[in-house]
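Working notes, structure below.
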Amino acid sequence: MEIASWNINSVRLRLPLLHDIVKKYNFDVICLQETKTPDENFPEKEIKELGFNYVSFRGEKSYNGVAILSKIPFEEEFFWNMCDKNDKRHIAVKFDNGLKLHNFYIPAGGDVPDVNLNEKFDHKLSFVDEMKQRFSKEDNKNTVILGDFNIAPLEHDVWSHKQLLNVVSHTPIEVEKLNNFKNDVHWIDIHRHFVSEDQKLYSWWSYRSKDWEASDRGRRLDHLWVTPDLAKRLKSSKIYKETRGRQRPSDHAVTSLKLDTD
DNA sequence: ATGGTGGAAGGTCCA
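In short: position in the first sequence from 1, add 211, done, that's the working numbering.
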């Protein structure tokens, strides 16, 4: 079972690219962030025609929005209203086989890494705190969480650790928050499960460069984590870098994990 | 210190 995560940056604009990618890679499930579309405009029919008969989505006009597209039936769908903002950054499903899947779009956090000067940064930190709080009440078995976390925690999750230490996405304060949450549940970071920490690994490259591939100033903002009981079922993880190089791409590559099914 | 680009909008905000 291959589960993918992709910040699509407008599901309506990139429907043809989504089509191409899911036909090429044949994911069983793909989770989207930044769909940027209210539910009444979500292209549900077109997505079902791609073979994803089970679709769950929450969107809003212009900003945010998350979706889970699945070929595998789920028995339950639900969402958390994170930070009480009603801003469509979380959606979850429980599959018939018991696997739980949570899709998150953590706030980017603005430019200034100071909660007193920048309320977006405050929101980001509160959001991660709330993730920790909410999962402390869950049973934390048979669970995958993934999405655009907007944090690159490790030195080699960014192109220059030194130059990004004060840049939102790699500052010590948000990294510590994320690690607190990660350690609390003993989440397994599946990209680093398969690729050692001394290797550079990115899932996002800015639009604001002449040649994203040549300059290669990337960051690993997208994450797929599993609870420890799933360790024995982990098969592989992928970052499909070529998806960043398509025509009219998202600034995020598609990422995925493969699990042995029972 | 700033701008660079892209998306949803049809202003500007957000990433």
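Backbone N, C-alpha and C fix where the C-beta goes; we use that ideal spot for every residue, glycine too.
With a threshold of 8 Å on Cβ separation, who are the neighbours of residue i within its own chain once the five nearest residues in sequence on each side are excluded?
| i | result |
| --- | --- |
| V326 | F332, D333 and L336 |
| L389 | V339, F360, I362 and P364 |
Mind checking which residues open and close the alpha helix (DSSP H) that includes residue i?
| i | result |
| --- | --- |
| F338 | E330 to F346 |
| R403 | I401 to F405 |
| K259 | E255 to E260 |
| Y236 | L226 to Y236 |
| Q374 | H372 to L375 |
| A425 | W423 to S426 |
| N351 | Where N351 is concerned, there is no enclosing alpha helix (DSSP H), given that its DSSP letter is neither H nor E. |
| V153 | One cannot answer for residue 153 here, as it falls past the ends of the chain, which runs 212 to 473. |
| K393 | P383 to V396 |
Would you kindly work out how many angstroms separate the C-alpha atoms of residue i and residue j, rounded to a whole number?
| i | j | result |
| --- | --- | --- |
| H397 | K352 | 11 Å |
| I214 | A464 | 14 Å |
| H372 | Y451 | 23 Å |
| D422 | S347 | 43 Å |
| V233 | E366 | 32 Å |
| L468 | D322 | 31 Å |
| D295 | E330 | 15 Å |
| N252 | L224 | 12 Å |
| P249 | I283 | 24 Å |
| A442 | T466 | 18 Å |
| A446 | D427 | Strictly speaking, residue 446 in this sequence is Lys, with Ala absent from that position. The alpha-carbon atoms of K446 and D427 are separated by roughly 28 Å. |
| K259 | E341 | 33 Å |
| R345 | N297 | 16 Å |
| N237 | E408 | 29 Å |
| I401 | W416 | 20 Å |
| H313 | E424 | 31 Å |
| S420 | E349 | 42 Å |
| V222 | I317 | 18 Å |
Is the separation between the beta-carbon of residue i and that of residue j shorter than 8 Å?
| i | j | result |
| --- | --- | --- |
| W370 | G456 | no |
| F263 | F285 | no |
| L228 | R459 | yes |
| D462 | N220 | yes |
| Q244 | G320 | no |
| L437 | I399 | A small fix is needed here, since residue 437 is Val in this sequence, not Leu. Yes; because the gap between Cβ atoms is below 8 Å, this pair is in contact. |
| F405 | S448 | yes |
| V379 | P324 | yes |
| E255 | L226 | no |
| K247 | S273 | yes |
Near residue i, which residues of its chain fall below 6 Å by C-beta distance, leaving aside the five closest residues on each side in sequence?
| i | result |
| --- | --- |
| M212 | D239, L470 and T472 |
| E288 | S267 and V304 |
| H301 | F290, W291, M293 and F315 |
| H381 | A363, V369 and L375 |
| K411 | H367 |
What is the residue span of the beta strand (DSSP E) that residue i lies within?
| i | result |
| --- | --- |
| H463 | Where H463 is concerned, there is no enclosing beta strand (DSSP E), given that its DSSP letter is neither H nor E. |
| H434 | D433 to V437 |
| L357 | T354 to D359 |
| I219 | Element bounds for I219: n/a, residue is neither H nor E. |
| F289 | F285 to F289 |
Please work out which residues of its chain come closer than 7 Å, Cβ to Cβ, to residue i, disregarding the five sequence neighbours upstream and downstream, and give them in chain order.
| i | result |
| --- | --- |
| K299 | R269, G270, E271, N275, G276 and V277 |
| I241 | A215, W217, V233 and L280 |
| D440 | K352 and N353 |
| Y413 | G429, R430 and R431 |
| D231 | none |
| K343 | N391, F392 and D395 |
| L261 | H230 and V233 |
| T454 | I232, P460, A464 and V465 |
For the ligand HEM, any of its heavy atoms closer than 7 Å to the Cβ of residue i?
| i | result |
| --- | --- |
| H334 | As presented, the structure is devoid of all ligands, the ligand HEM included, so that no description of it is given. |
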